[in-house]
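A.B. asks: Structure in structure tokens, see below.
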């Protein structure tokens, strides 16, 4: 490594390059440490999920994911995500429009409050909902009188999922819309567009990749939420069991292969999420390089 | 207060509608439940509240939760910096895939992570059997809790340090080198101070996430009171015993800590952005 490359225009250039990078052995060592760390903590768990899922053969795998309880859990998980994610998309768009396009007092506080659900433990989310809607909660008696079930039923699961995935879309949109400023919208209004036209034809197309990005992150989190949902669901099989809760029950019943089989579906979802995320980052970078937001 | 005094005038429409909807939704979904939690813990007298939140079992759970979260975040601080460094500065085969994979803990459901890690570190697991041959108990011990929390917090430091490292100008390092600094001096005196705010932000984010974590820990911890019981699990236990006030008391202590961590993270991010922005 000590010899200067022949094509180097100036001996100083090689010295400089050497001075701003590390010796080969350091580079190799750091790369190996990083890869080993990631292999141990990221790749190994993934391998375990799929290898344990198929440990008792493909037949049991198929049986585990197609039994009625599993199918019901899959359906409930999809329903919860299908309600929670659109709700948070509408919120994210409204919040980011207000925060990014206007200057008002209390803006910073609003941004901080939007981040709050990320810092709150999922168990506390479930507990808080229980204290409002549970049998001994603030609304417990009223709900009982009117025969409305929220806790240990689907509405509670949906509410918990909305809370948990609350910030994801807004967090992606706010910084991007702040960066884009107001000129384009102002131009559209000057040209005679009304507010909604401006929003749908100018603002929305320019944030579409960030919006999609927020949606897939929120969706992954919604389908995988465990702590909050496990407090409010009551874990009634074929009624209020989502996929993660179904996995827990199978695992606690020592049906490991079945637990890992259902897990493998969620692991697959995680991998697809990462793939889509990379794709969206690539698309957004390409649009940025092309110099046009849509 | 008139509208114009707190809102800067603009021709854009929809301020009232969007802010109104956003604050209403925020209050309904997030603030109201959290207020209910704080309100419920106030139904206890101060002495009762103290008896719950300062019981031996609760204190043991705080020690485990915060201790394991701190160690996990510290491990992520060191390895996260190395991973970010390698991903930004070096080229190797499969770098893009590895880079994408760093976000796996964000995308993989915690329950799945929990049972996978338990399968690896259990006494008969792939790694657990070798560790137990050396007399180390990984799963069902505080070490197992820490391992799960390392997994959960892994992306934070990498993702906060990476963009800062990408934006650092090569010229500063060249200047340091031409002034006679060796590589280690350049790193310690030039690069490390520039990365410090983002490193601390990543650490705080990983720590905050770990403190509240439940799903991945319950499987690997073994859940023995006083030994491997984290605070969120203790709250769960109180709930299952229908001790709502006790659960609310513990929950409000944790909520308060989350608030403080969130404020700290905001301050750190502010510092980090100032550093980062001032240079550009």
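Chains as they are written, first to last, in our numbering: chain A, 951 to 1244; chain B, 462 to 741.
The C-beta atom is built at its ideal place from N, Cα and C for all residues, glycine as well.
What residue from A/1042, A/1034, A/983, A/1000 has the CA that sits closest to residue 484 of chain B's CA?
C.D. replies: The count along the second chain starts at 1 and reaches residue 484 of chain B at position 23. Selected option, being the one with the closest Cα: A/1042.
A.B. asks: Thinking C-alpha only, which one of B/599, B/693, B/571, B/564 is nearest residue 1176 of chain A?
C.D. replies: On the first chain, residue 1176 of chain A is found 226 positions in, with the first residue counted as 1. When each option's Cα is compared against that of residue 1176 of chain A, the closest is B/571.
A.B. asks: DSSP three-state call for residue 1089 of chain A: helix, strand or coil?
C.D. replies: The residue labelled residue 1089 of chain A in the question sits at position 139 within the first chain. Three-state DSSP puts residue 1089 of chain A in coil, outside helix and strand.
A.B. asks: Which value, in whole angstroms, describes the spacing of the CA atoms of residue 952 of chain A and residue 1237 of chain A?
C.D. replies: Residue numbering aside, residue 952 of chain A sits at position 2 when the first chain is read from its first letter. Residue numbering aside, residue 1237 of chain A sits at position 287 when the first chain is read from its first letter. Because the pLDDT at residue 952 of chain A is just 43, under 50, the model does not fix this residue reliably, and the point stays unresolved.
A.B. asks: Taking DSSP's pairing of strands, which residues face residue 468 of chain B in a bridge?
C.D. replies: Within the second chain, residue 468 of chain B is the residue found at index 7, counting from 1. DSSP, once it has assigned bridges, lists A/1054 as partnering residue 468 of chain B.
A.B. asks: Does residue 1193 of chain A come out as helix, strand or coil in the three-state DSSP assignment?
C.D. replies: If you number the first chain from 1, residue 1193 of chain A lands on position 243. Helix at residue 1193 of chain A.
A.B. asks: Taking 8 Å as the threshold (C-beta atoms), are residue 1150 of chain A and residue 476 of chain B in contact?
C.D. replies: On the second chain, residue 476 of chain B is found 15 positions in, with the first residue counted as 1. On the first chain, residue 1150 of chain A is found 200 positions in, with the first residue counted as 1. Taking 8 Å as the Cβ cut-off, residue 476 of chain B and residue 1150 of chain A do not qualify as a contacting pair.
A.B. asks: Which of helix, strand or coil does DSSP assign to residue 1038 of chain A?
C.D. replies: Residue numbering aside, residue 1038 of chain A sits at position 88 when the first chain is read from its first letter. Note: residue 1038 of chain A maps to helix in three-state DSSP.
A.B. asks: If you run the structure through DSSP and keep just helix, strand and coil, what is residue 687 of chain B?
C.D. replies: Looking up residue 687 of chain B in the second chain gives position 226. In the structure shown, residue 687 of chain B sits in coil (DSSP, three-state: anything other than H, G, I, E or B).
A.B. asks: I want to know whether the region 503-510 of chain B touches the region 1163-1179 of chain A - three or more CB-CB distances under 8 Å.
C.D. replies: Because the criterion of three Cβ pairs below 8 Å is not met, the region 503-510 of chain B and the region 1163-1179 of chain A do not touch.
A.B. asks: Can you give me the Cβ contacts of residue 1188 of chain A inside the same chain, cut-off strictly under 7 Å, excluding the 5 residues immediately before and after it?
C.D. replies: Start at 1 with the first residue of the first chain, and residue 1188 of chain A comes out as number 238. Excluding sequence neighbours, residue 1188 of chain A sits near 1018, 1019, 1022.
A.B. asks: Roughly how many angstroms separate the alpha carbons of residue 993 of chain A and residue 1160 of chain A, rounded to a whole number?
C.D. replies: Residue numbering aside, residue 993 of chain A sits at position 43 when the first chain is read from its first letter. Residue numbering aside, residue 1160 of chain A sits at position 210 when the first chain is read from its first letter. Their backbone Cα atoms lie some 27 Å apart in a straight line.
A.B. asks: Quick one: does residue 1235 of chain A have its CB under 8 Å from some CB of chain B?
C.D. replies: Position 285 of the first chain holds residue 1235 of chain A. Output row for residue 1235 of chain A: interface = no.
A.B. asks: In chain order, what residues of the same chain lie with their CB nearer than 7 Å to the CB of residue 713 of chain B, ignoring the 5 residues before and after it?
C.D. replies: If you number the second chain from 1, residue 713 of chain B lands on position 252. Only 498, 499, 502 meet the Cβ criterion.
A.B. asks: Using a Cβ-Cβ cut-off of less than 7 Å, list which residues of the region 711-731 of chain B approach chain A; keep chain order.
C.D. replies: Within the region 711-731 of chain B, the qualifying residues are 712, 715, 716, 719, 722, 723, 727.
A.B. asks: Using a Cβ cut-off of 8 Å, pull out every chain A residue sitting near residue 693 of chain B, in sequence order please.
C.D. replies: Walking along the second chain from the start, residue 693 of chain B turns up at place 232. Near residue 693 of chain B (Cβ distances below 8 Å), the residues of chain A are 1071, 1072, 1073, 1074, 1177.
A.B. asks: Using a threshold of 8 Å, state whether the C-beta atoms of residue 521 of chain B and residue 711 of chain B are closer than that.
C.D. replies: As a position in the second chain, residue 521 of chain B is number 60, starting the count at 1. As a position in the second chain, residue 711 of chain B is number 250, starting the count at 1. Against a cut-off of 8 Å, the Cβ pair of residue 711 of chain B and residue 521 of chain B comes out as no contact.
A.B. asks: Tell me whether the beta-carbon of residue 609 of chain B lies closer than 8 Å to the beta-carbon of residue 578 of chain B.
C.D. replies: In the second chain, residue 609 of chain B corresponds to position 148, counting from 1. In the second chain, residue 578 of chain B corresponds to position 117, counting from 1. Taking 8 Å as the Cβ cut-off, residue 609 of chain B and residue 578 of chain B qualify as a contacting pair.
A.B. asks: Classify residue 1217 of chain A: buried if its beta carbon has 16 or more other beta carbons within 10 angstroms, exposed otherwise.
C.D. replies: Taking the first chain and counting its residues from 1, the one referred to as residue 1217 of chain A is at position 267. Buried: at least 16 other Cβ atoms inside 10 Å.
A.B. asks: Does residue 501 of chain B get closer than 8 Å to chain A when you measure Cβ to Cβ?
C.D. replies: Taking the first residue of the second chain as 1, we reach residue 501 of chain B at position 40. Closer than 8 Å: yes.
A.B. asks: So the candidates are A/1060, A/1040, A/1039; which of them puts its Cα closest to the Cα of residue 1049 of chain A?
C.D. replies: Here residue 1049 of chain A refers to the residue found at position 99 of the first chain. Here the closest residue by C-alpha is A/1060.
A.B. asks: Does residue 1009 of chain A come within less than 8 Å of chain B when only Cβ atoms are used?
C.D. replies: For the purposes of this step, residue 1009 of chain A is taken as the residue at position 59 of the first chain. Chain B, which has no Cβ nearer than 8 Å to the Cβ of residue 1009 of chain A, makes this no.
A.B. asks: Can you check the region 640-690 of chain B for any alpha helix (DSSP H) of at least 4 residues that lies completely inside it and give the ranges in chain order?
C.D. replies: Here the runs fully enclosed are 644-647, 653-673, 676-682.
A.B. asks: So that I know if they touch, is there some Cβ in chain B lying closer than 8 Å to that of residue 999 of chain A?
C.D. replies: Here residue 999 of chain A refers to the residue found at position 49 when the first chain is read from its first residue. Chain B, which has a Cβ nearer than 8 Å to the Cβ of residue 999 of chain A, makes this yes.
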